[in-house]
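Respectively, the protein sequence lines represent chains D and X. Numbered per this note's numbering, the first sequence spans residues 124 to 649. Numbered per this note's numbering, the second sequence spans residues 124 to 649. Positions of the beta carbon are idealized from the N, C-alpha and C atoms, including for glycine.
2 protein chains.
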Amino acid sequence: MVKWNNLDTLASFQDLSNVKRVNLQEAMSGENGAERVKKYSTAMAEGLVYNYAAKSVDDNVLAALEKLAEEAQLAEKFEALYNGEVVNTGENRLVLHHMTRGQLGDAVTADGVDKRTFYVEQQEKIADFANKVHAGEITNAAGEKFTTVVQIGIGGSDLGPRAMYLALENWAKKNNLFKMEAKFISNVDPDDAAAVLNSIDVAHSIFVLVSKSGTTLETLTNESFVKDALKNAGLDASKHMIAVTSETSPLAKSDDYLAAFFMDDYIGGRFSSTSAVGGAVLSLAFGPEVFAQFLEGAAAEDKISANKNLLENPAMLDALIGVYERNVLGYPSTTVLPYSQALSRFPAHLQQLDMESNGKSVNRFGDAVSYPTGPVIFGEPGTNGQHSFYQLLHQGTDIVPLQFIGFRNNQIGTDVVIQDSTSQQKLCANVAAQIVAFACGKFDDNRNKNFEGGRPSSIIIGDQLNPKTLGALLAHFENKIMFQGFVWNVNSFDQEGVQLGKVLAKKVLAHETDGALKVYSDLLNI
Amino acid sequence: MVKWNNLDTLASFQDLSNVKRVNLQEAMSGENGAERVKKYSTAMAEGLVYNYAAKSVDDNVLAALEKLAEEAQLAEKFEALYNGEVVNTGENRLVLHHMTRGQLGDAVTADGVDKRTFYVEQQEKIADFANKVHAGEITNAAGEKFTTVVQIGIGGSDLGPRAMYLALENWAKKNNLFKMEAKFISNVDPDDAAAVLNSIDVAHSIFVLVSKSGTTLETLTNESFVKDALKNAGLDASKHMIAVTSETSPLAKSDDYLAAFFMDDYIGGRFSSTSAVGGAVLSLAFGPEVFAQFLEGAAAEDKISANKNLLENPAMLDALIGVYERNVLGYPSTTVLPYSQALSRFPAHLQQLDMESNGKSVNRFGDAVSYPTGPVIFGEPGTNGQHSFYQLLHQGTDIVPLQFIGFRNNQIGTDVVIQDSTSQQKLCANVAAQIVAFACGKFDDNRNKNFEGGRPSSIIIGDQLNPKTLGALLAHFENKIMFQGFVWNVNSFDQEGVQLGKVLAKKVLAHETDGALKVYSDLLNI
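This is how it looks when you write it as structure tokens:
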């Protein structure tokens, strides 16, 4: 039986706070630094490697983190979660997103069905549907093939699938696996839907409406927007739309949709990329085999995340180093810096994944915690960020821990040699250089040109961004965030913080406001 | 003569620290709250309004901020800057980006020319060129019109122009002012250029190469990438490329370009959207008149930013409230939340503008400062962010000040009524609701559903996002950041923090590394 205790009640956390701090600049310099880079590295799935040599850790800190992992029962809690314990206690729900891509432990039955079987069935139904669309067996009313898929969803129904689509778009094109273009409508700003609709050929577009509850206001509004556009084009909307929803939602058995694919309450929106939420749009865009490979990569990483040995469990290690940075070293934010243009929206997805999961100030029993929990997460791809906000990262007054991601090879394979190196080599040289620049700094008599160093980073390195490595990458961060939630003793799987705004917005629309809210409403002409 | 002193040496800053803190939750509740929203508001240019009622200020705090503005000589420093004093002391340069859109004070002569005349001339040259492209007088070698413009640039040559293009794209289309599509290549990742090139018709594309020095590695590499593509298509690259650079750069008088337009050393990259850097691509995309309106809006806001009365100077007020939040209340980051899908990349531009300008830990004399300077800046459009990271903003353990932006009307004008309101009304209702939810919170016995409130925000409200309001919005933030730099006594106009990474990356590419850098290079197969 696992025990849920606050971080500051654990003896191992007190011990961790007392471990001598690492002088990163010193540790990363000279041959000692070279040894660290070789040593502080652990294998992920699909050939990826998590290297934490440039983090502010040493053998003493790592030993203390091992004790913390043990006392906080991180491996046991993950085990309880994937074996079907109700870990989302606030909403009294199981947490089963891992099961959308594999089965780590026991069979889990809920709602009268074996859940692994249920998720596999949904994936198979989607695969069948997508294959028929690609083969021209499912077409528009005129019998013509669909050429574009448009996802209508917001938050978890948008950010993850969109980031994954962008991550694989060029890879799929290069490998002749690209089936159809995907677009995304999310914002309730009517200009979002209008601009997407203006950019596509609606007669050859298939729309995926994604809402677990079937009641998300933005999504229903945008559905209506799209239906108007289809109607105005003289088309039958029900021949152009599919739904991804829960079996109990009003969308589930409606004649308004060509087909419906199901998720359930055990898959949080931000953890739903490997469920039907990501499955429908990605299978339509790239084919079901590509989506299956993506799941395979995620499942392989999940297995590694179940390893009880901290030093062989990169997600758990990444999580604990993050806790050390947040709760001992006191750094309030973290930046994610993929050196890959294809990962341009991956930081935005992680921003949701992390901040919505662990941006809590009460523990899982509803008691206030007295330590910082989830940090602010932000990021942009390198090298772009180097010419933007890296100035503050190098020379600002606050230290911001960095999470780099880099690949030895690009996706498209076209390159150019300038000054004796390819662009890909320049890209990789830059990420290597940044790690060392941040860690070691460089003294200069001119203080304005001086770099203090001591700015910690880790890097995940892989051969190439492809469906399998992307799946592994995603699972790594999902599991890291889960482990951090365990350490902070928060429920990472609910999001009560989004409710109050919804309630007040409804009041504004019903003109049931007074005080400040009334004046703001007037100023905005509502 | 202005005096440059560190913030913590100013008596008014000590006084500010001692002013009684505002209980925001209380202040924003009931009729008192309604009064605040009416009172704490000041006019910007082009009908915009800066409303700071939901910030943690009251008359006492504002009086203390007025004294700080006075003692720090903010108005005088801005005056010195626009009258041509060398404010960028580190690089011994004038700071003249305001002059690209108007002349606030004295004529300024540098490099032997009147600078206002110089910038106007460049704008006119660009207008003439763009008009000829649109009229089909400047064409490709086959005599066909160009249909796409591609900006090649990184950092300031990318983020600002890209954000402005996206901000006006749908407005221009709606108003029949859209001339040609713009694309952007920035990253040294070869997949960035390859993907853009695969998505366009190169034979009908004109490329704008933007590099002040003419030596930016990413940009030269991508130029070469594009030239290869043009050559492979049997085209003469010099008939498809223009340059935006300084007059002394190697690009300035090269036969490789159809034309060259000039900026100079007095325009920092991140402040260059209103110079030729933004001018070329925006004039080609939307026509020179639209670009002129954008400059007009910026110039009008600059004038307001020169107002000596703090309460009538929204940029200065925004700056000082930010300093109060950073240096007295101790908040380490700020989020920018435009309720407008068209501003999707505006936060990324502000991230550079702010973090690269004020992410410094030495003052303008090169001495270390002992107080926090520039915060971390991040953001995404609402309502998308509500379904993503707002959980942490509402219920996380750290307080993150918020900067909202909202418009009464959308750009495209298509809308749909669902549950008795339009999408535009829903959008506006949401931003109004969020301000009050963050400020006032809501008590709940269930601590997990409890909202503490006390989370400060401001909002800029306008009628519609168009070239003029966009110009005003941009100038507001540019000037806010400038004023904050004055208060912190840092040089907001250099960026020495980007240098070390460049130096080390060159060493990696030359295989002149040892220690940790060598091992990272090997891991990345360089």
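(message) Is the separation between the beta-carbon of Val492 (chain D) and that of Ala195 (chain D) shorter than 7 Å?
(response) Your numbering for residue 492 (chain D) matches position 369 in the first sequence. Your numbering for residue 195 (chain D) matches position 72 in the first sequence. No, the Cβ-Cβ distance between Val492 (chain D) and Ala195 (chain D) is not below 7 Å.
(message) Taking 7 Å as the limit between beta carbons, can you name the residues of its chain near Asn345 (chain X), skipping five residues before and five after?
(response) The residue you call residue 345 (chain X) lines up with position 222 of the second sequence. These residues qualify, in order along the chain: Ile275, Ile308, Ala316.
(request) Closer than 8 Å by beta-carbon distance: list the chain X residues that pair up with Asp315 (chain D), in chain order. (result) Looking up residue 315 (chain D) in the first sequence gives position 192. Correct list: Gln464.
(message) So, at 7 Å on beta carbons, what are the nonlocal neighbours of Gln474 (chain X) in its own chain, with the 5 sequence-adjacent residues on each side left out?
(response) As a working note, residue 474 (chain X) is residue 351 in the second sequence. Excluding sequence positions up to five before and after Gln474 (chain X), its CB lies within less than 7 Å of the CB of Ile500, Phe501, all in the same chain and listed in chain order.
(message) Give me the subset of the stretch 343-362 of chain X whose CB atoms are less than 7 Å from a CB atom of chain D, sorted by chain position.
(response) Leu343, Thr344, Ser347, Phe348, Asp351
(request) Please check if any C-beta of chain X sits within less than 7 Å of the C-beta of Asn553 (chain D). (result) Against the first sequence, residue 553 (chain D) aligns to sequence position 430. Yes, Asn553 (chain D) lies at the interface with chain X (some Cβ there is under 7 Å from its Cβ).
(request) Would you list, in sequence order, the uninterrupted beta strand (DSSP E) runs of no fewer than 3 residues that lie entirely inside the stretch 235-296 of chain D? (result) 271-275
(request) Flag Met364 (chain D) as yes if its beta-carbon sits less than 7 Å from any beta-carbon of chain X, otherwise no. (result) For this step, residue 364 (chain D) is matched to residue 241 along the first sequence. Output row for Met364 (chain D): interface = no.
(message) Can you tell me where the alpha helix (DSSP H) holding Tyr175 (chain D) begins and where it ends?
(response) Here residue 175 (chain D) is taken as the residue at index 52 of the first sequence, counted from 1. Element bounds for Tyr175 (chain D): n/a, residue is neither H nor E.
(message) Is the separation between the beta-carbon of Ile365 (chain X) and that of Val404 (chain X) shorter than 7 Å?
(response) By one-based count along the second sequence, residue 365 (chain X) stands at place 242. By one-based count along the second sequence, residue 404 (chain X) stands at place 281. No, the pair does not count as a contact, with Cβ atoms beyond the cut-off.
(request) Would you kindly check if the distance between the Cβ of Gly420 (chain X) and the Cβ of Gln607 (chain X) is under 7 Å? (result) For this step, residue 607 (chain X) is matched to residue 484 along the second sequence. For this step, residue 420 (chain X) is matched to residue 297 along the second sequence. In this structure, Gly420 (chain X) does not lie closer than 7 Å to Gln607 (chain X) by Cβ.
(request) Could you work out which residues of chain X lie near Met151 (chain D), taking near to mean beta carbons separated by less than 9 Å? (result) Your numbering for residue 151 (chain D) matches position 28 in the first sequence. Those are Gly638, Ala639, listed as they occur along chain X.
(message) DSSP three-state label for Ile584 (chain D), please.
(response) To locate residue 584 (chain D), count along the first sequence from 1; it is residue 461. Ile584 (chain D) sits in a strand when the DSSP states are folded into three classes.
(request) Taking C-beta pairs closer than 9 Å, name the residues in chain D that Asn299 (chain X) reaches, listed in chain order. (result) By 1-based counting over the second sequence, the position of residue 299 (chain X) is 176. Going along chain D, no residue has its Cβ under 9 Å from Asn299 (chain X), so there is no contact; the nearest lies around 14 Å.
(request) Would you please state the rounded distance, in angstroms, between the beta carbons of Phe574 (chain X) and Gln518 (chain X)? I believe it to be under 8 Å. (result) Within the second sequence, the letter at position 451 stands for residue 574 (chain X). Within the second sequence, the letter at position 395 stands for residue 518 (chain X). With a Cβ gap of about 7 Å, Phe574 (chain X) and Gln518 (chain X) count as contacting.
(request) Give the secondary structure of Asn211 (chain X) by DSSP, where H, G and I count as helix, E and B as strand, and everything else as coil. (result) Looking up residue 211 (chain X) in the second sequence gives position 88. Strand, per DSSP.
(message) Can you confirm whether the stretch 202-217 of chain D touches the stretch 228-236 of chain D when touching is taken to mean that 3 or more C-beta pairs between the two stretches lie within less than 8 Å?
(response) yes
(message) Counting only C-beta atoms, is Gln557 (chain D) closer than 7 Å to chain A at any point?
(response) The structure shown contains no chain A; its protein chains are D and X.
(message) I need the straight-line Cα distance from Lys426 (chain D) to Val145 (chain D), nearest angstrom please.
(response) Reading the first sequence from its first residue, position 303 is the one you call residue 426 (chain D). Reading the first sequence from its first residue, position 22 is the one you call residue 145 (chain D). Distance between the alpha carbons of Lys426 (chain D) and Val145 (chain D): 31 Å.
(request) Identify the contact partners of Gln509 (chain D) in chain X, using a Cβ-Cβ distance below 7 Å as the criterion. (result) Position 386 of the first sequence, counted from the first residue, corresponds to residue 509 (chain D). Those within 7 Å of Gln509 (chain D) in chain X are Val621, Gly624.
(request) Check each residue of the stretch 156-171 of chain D: if its Cβ is closer than 9 Å to any Cβ of chain X, include it; give the result in chain order. (result) Gly156, Ala157, Glu158, Arg159, Val160, Lys161, Ser164
(request) Give, in chain order, every residue of the stretch 511-523 of chain X whose Cβ lies closer than 8 Å to some Cβ of chain D. (result) Answer in chain order: Ser511, Phe512, Tyr513, Gln514, Leu515, Leu516, His517, Gln518, Gly519, Thr520, Asp521, Val523.
(message) Pull the bridge partners of Pro461 (chain X) from the DSSP assignment, please.
(response) Taking the first residue of the second sequence as 1, we reach residue 461 (chain X) at position 338. According to DSSP, Pro461 (chain X) bridges with X:Ile528.
(message) Please report the distance separating the alpha-carbon of Arg468 (chain X) from that of Gln526 (chain X).
(response) The count along the second sequence starts at 1 and reaches residue 468 (chain X) at position 345. The count along the second sequence starts at 1 and reaches residue 526 (chain X) at position 403. Straight-line Cα distance between these residues: approximately 15 Å.
(request) Assign Met303 (chain D) to buried or exposed, taking buried as 16 or more other Cβ atoms, counted over all protein chains shown, within 10 Å of its Cβ. (result) The residue given as residue 303 (chain D) occupies position 180 in the first sequence. Buried, by the Cβ-count rule.
(request) Output, in chain order, the set of chain X residues within a Cβ distance shorter than 8 Å of Leu185 (chain D). (result) For this step, residue 185 (chain D) is matched to residue 62 along the first sequence. Per Cβ cutoff of 8 Å: no residues; Leu185 (chain D) is ~18 Å from chain X at best.
(request) Going by CA-CA distance only, name the one from X:Leu219, X:Thr457, X:Glu448, X:Ser546 that's closest to Ser396 (chain X). (result) In the second sequence, the residue the question calls residue 396 (chain X) occupies position 273. Each of X:Leu219, X:Thr457, X:Glu448, X:Ser546 was checked against the Cα of Ser396 (chain X), and the nearest Cα belongs to X:Leu219.
(request) Using a Cβ-Cβ cut-off of 7 Å, state whether Met478 (chain D) counts as contacting chain X. (result) Here residue 478 (chain D) refers to the residue found at position 355 when the first sequence is read from its first residue. The beta-carbon of Met478 (chain D) is placed less than 7 Å from the nearest beta-carbon of chain X.
(message) Which residues does DSSP list as the beta-bridge partners of Leu332 (chain X)?
(response) Looking up residue 332 (chain X) in the second sequence gives position 209. Leu332 (chain X) pairs with X:Ile275, X:Ala366.
(request) Provide the residue span of the beta strand (DSSP E) that contains Val499 (chain X), from first to last. (result) Counted from its first residue, the second sequence places residue 499 (chain X) at position 376. 499-501 is the span of the beta strand (DSSP E), which, as asked, contains Val499 (chain X).
(request) Taking only runs that begin and end inside the stretch 541-568 of chain X, name each unbroken alpha helix (DSSP H) of 4 or more residues, in chain order. (result) 546-563
(message) Just to confirm the assignment, what range does the beta strand (DSSP E) spanning Met386 (chain D) have?
(response) As a position in the first sequence, residue 386 (chain D) is number 263, starting the count at 1. Per DSSP, Met386 (chain D) belongs to the beta strand (DSSP E) from 382-386.
(message) Please classify Lys603 (chain X) as buried or exposed, where buried requires at least 16 other C-beta atoms within 10 Å of its C-beta.
(response) As a first step, residue 603 (chain X) is located in the second sequence; it is residue number 480 there, counting from the start. Label assigned to Lys603 (chain X): buried.
(request) Taking all protein chains shown into account, decide if Met386 (chain X) is buried (16 or more other Cβ within 10 angstroms of its Cβ) or exposed. (result) Locating residue 386 (chain X) in the second sequence gives position 263, counting from the first residue. With 16 or more other Cβ atoms within 10 Å, it is buried.
(request) Apply the 10 Å Cβ neighbour rule to Ala264 (chain X) and answer buried if 16 or more other Cβ atoms are within range, or exposed otherwise. (result) In the second sequence, residue 264 (chain X) corresponds to position 141, counting from 1. Ala264 (chain X) should be labelled exposed.
(request) To the nearest angstrom, report how far apart Ser152 (chain X) and Ala176 (chain X) are at their CA atoms. (result) As a first step, residue 152 (chain X) must be located in the second sequence, where it is residue number 29. As a first step, residue 176 (chain X) must be located in the second sequence, where it is residue number 53. The straight-line gap from Cα to Cα measures roughly 11 Å.
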